[in-house]
Amino acid sequence: MAFTHLSAKLTQLAEQGLYRSRRVIDSPQGIRLHLDGSSVINFCSNDYLGLANHPAVVAAFKTAADAYGVGSGAAHLVCGHSTAHHALEEELAAFTGRERALLFSTGYMANIGVITTLVGRGDTVLEDRLNHASLLDGGLASNAAFKRYAHADTTHLALLLAAAAGNKLVVTDGVFSMDGDAAPLPELARTAKAHQAWLMVDDAHGLGVLGAHGGGLLEQFGLGQDDVQVLMGTLGKGFGTFGAFVAGSELLIETLIQTARTYIYTTALPPAVAEATRASLRLVQADTWRRDKLAALIRQFRSGAAQLGLQLMPSDSPIQPLIIGDSQQAVAYSQALLAAGFLVSAIRPPTVAQGTARLRVTLSAGHDETMVAGLLDALGAIRVAQG
Ligand SMILES: *Cc1c(COP(=O)(O)O)cnc(C)c1O
65 MAFTHLSAKL
75 TQLAEQGLYR
85 SRRVIDSPQG
95 IRLHLDGSSV
105 INFCSNDYLG
115 LANHPAVVAA
125 FKTAADAYGV
135 GSGAAHLVCG
145 HSTAHHALEE
155 ELAAFTGRER
165 ALLFSTGYMA
175 NIGVITTLVG
185 RGDTVLEDRL
195 NHASLLDGGL
205 ASNAAFKRYA
215 HADTTHLALL
225 LAAAAGNKLV
235 VTDGVFSMDG
245 DAAPLPELAR
255 TAKAHQAWLM
265 VDDAHGLGVL
275 GAHGGGLLEQ
285 FGLGQDDVQV
295 LMGTLGKGFG
305 TFGAFVAGSE
315 LLIETLIQTA
325 RTYIYTTALP
335 PAVAEATRAS
345 LRLVQADTWR
355 RDKLAALIRQ
365 FRSGAAQLGL
375 QLMPSDSPIQ
385 PLIIGDSQQA
395 VAYSQALLAA
405 GFLVSAIRPP
415 TVAQGTARLR
425 VTLSAGHDET
435 MVAGLLDALG
445 AIRVAQG
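Residue 198 in my numbering sits at position 134 of the sequence shown, and the numbers go up by one each step.
Here you go:
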């Protein structure tokens, strides 16, 4: 009999505390979620600025659905590239201070497409160990020599670069998705440049949230196209919508349009999603208060958690993980928090390394001080013991 190993695999996942199940949400995305007949406060979404259900973003989406319909009809290079997509690309280029920007249907596809386009057999791709799965998969799929350097370790990177062959691409998360810390981008840019390598930064969790105008980690560090040749951002997190983009030189973007398979062979995003994102981009830039409020909530959470004796990670971002260690224990804490009315996800291997299962608390500008205080009380009451 074929495929009999599948059910054994599922049983094994369950025994290891690694079985995952989906919660069915019966309300708009937001701070208060309705699930399984009750209302909970959401501390696990990536909607850091509270834009996923913002009235102006919803209105832009509806207006554009009337103007463009729902489906884009085809890939960008066939007949799916609308005025809405084009305008968003121009605005994203201006926003990031790059020559051009190119929309992708998802961040996962953007990362696969960029890495497999820029490096191949005979080249070298060098990635931070803790990079997002889509970046690691892109590196593996590229056929280039694939090297991982120790987390945020530019000395280790320099050693690997010195021995690397062909075209060299250094790839890193900006804000690390499961740890919340920031990559040492100025040092990475210097190291890459010293070895004639290009640097690619995936700032999925920094864009919108960091930088005076929401330009992310690159704005915070003042890094231009000459320092970071490839900037990738997602639109489903801080921007609250869906999709992704890559920004950089004219040469980079034209190369991607001509040759990136995950760009060419897929249907363009619905134009209404592009119009909704244009509305959210305006809010990201204009509403400085969202970033200020988020920063205050992050400070409140960190000082409260430290008072409770919880072990925090070195993160200034809205991603505030509490490492538990054991997967089953992390799930048990997540369930106890849910019973107390707080939705916090337990993140387990293989998303994170063995023995580092964690509660991944994420904060949003939509939270208020009372909610954060409530979460801290609940964490104290269940006496989270960290591994
Ligand atoms: C979410 C995420 C992605 C994937 O983006 P999608 O648009 O959800 O496919 C890529 N990189 C990082 C760092 C992410 O957090």
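We treat Cβ as the ideally placed atom computed from N, Cα and C, and that holds for glycine.
Quick caveat, the model's predicted, so the values are computed rather than measured.
Cβ neighbours of Gly444 within its own chain (closer than 6 Å, five residues either side excluded): Leu372. DSSP places Ile105 outside any alpha helix (DSSP H); the residue lies instead in the beta strand (DSSP E), whose first and last residues are 102-106.
Gly389 and Arg422 have their C-alpha atoms spaced approximately 7 Å apart.
Look at Thr127 here: in three-state DSSP terms it is helix. The beta carbon of Ala222 lies closer than 7 Å to those of Thr255 in the same chain, with the five residues before and after it left out. Proximity of the beta carbon of Tyr172 to ligand 1 is indicated: a heavy atom of the ligand is located closer than 7 Å. About 6 Å separates the Cβ atoms of Ser206 and Gly184, confirming a contact at the 8 Å cut-off. Per DSSP, the unbroken beta strand (DSSP E) holding Arg424 starts and ends at 421-426. By the Cβ neighbour-count rule, Arg355 is buried, with 16 or more other Cβ atoms within 10 Å of its own. Distance check between Pro335 and each of Ala138, Gln364, Glu318, Asp90 places Ala138 closest, using alpha-carbon atoms only. Taking the Cβ atoms as the reference, Leu347 lies roughly 6 Å from Ala120, within the contact range of under 8 Å.
DSSP places Thr68 in the coil class of the three-state scheme, outside both helix and strand. CA-CA distance, Val189 to Lys232, rounds to 6 Å.
Distances between the C-beta of Thr218 and the heavy atoms of ligand 1 are all 7 Å or more. The shortest CA-to-CA distance from Pro413 to any of Thr68, Cys108, Ile446, Leu82 is the one to Leu82. Cβ atoms of Thr236 and Asp187 stay farther apart than 8 Å, at about 17 Å. By the Cβ rule, the region 173-184 does not count as touching the region 148-155, because fewer than three pairs are nearer than 8 Å. In the DSSP assignment, Glu191 is bridged to Arg212, Val235.
Set against 7 Å, the gap from the CB of Asp266 to the closest heavy atom of ligand 1 is smaller. For Leu320, the closest of Gly279, Asp267, Leu166, Ala116 by C-alpha to C-alpha distance is Leu166. Counting of Cβ neighbours within 10 angstroms places Pro378 among the exposed residues, the total staying below 16. Arg162 and Leu194 have their C-alpha atoms spaced approximately 26 Å apart.
Ranked by Cα distance from Val408, the first of Leu315, Ala442, Gln418 is Ala442.
Boundaries of the alpha helix (DSSP H) harbouring His149: 147-160, taken from the DSSP string. Taking a cut-off of 8 Å for Cβ pairs, the region 134-149 and the region 311-331 touch, as three or more such pairs fall below it. Here the region 117-131 does not lie against the region 258-268, with fewer than 3 beta-carbon pairs under 8 Å apart. DSSP places Ala174 inside the alpha helix (DSSP H), whose first and last residues are 171-182. Contact between Val310 and Val294 holds, with the beta-carbon distance rounding to 7 Å and staying under 8 Å. The closest heavy atom of ligand 1 lies less than 7 Å from the beta carbon of Ser241.
Per DSSP, Thr255 is one residue of the alpha helix (DSSP H) stretching across 249-258. The region 272-350 contains, as complete alpha helix (DSSP H) runs of 4+ residues, the segments 280-285, 314-323, 325-328, 335-350 (chain order). With fewer than three CB-CB distances shorter than 8 Å, the region 397-405 does not count as touching the region 265-282. Distance check between Gly430 and each of Gln392, Leu358, Gln450, Ile446 places Leu358 closest, using alpha-carbon atoms only.
Distance from the Cα of Val178 is smallest, within the candidate group Lys126, Gln322, Tyr397, Leu333, for Gln322. Phe168 has Ala308 as its beta-bridge partners, per DSSP.
Per the DSSP secondary-structure output, Gly389 pairs in a beta bridge with Ala421.
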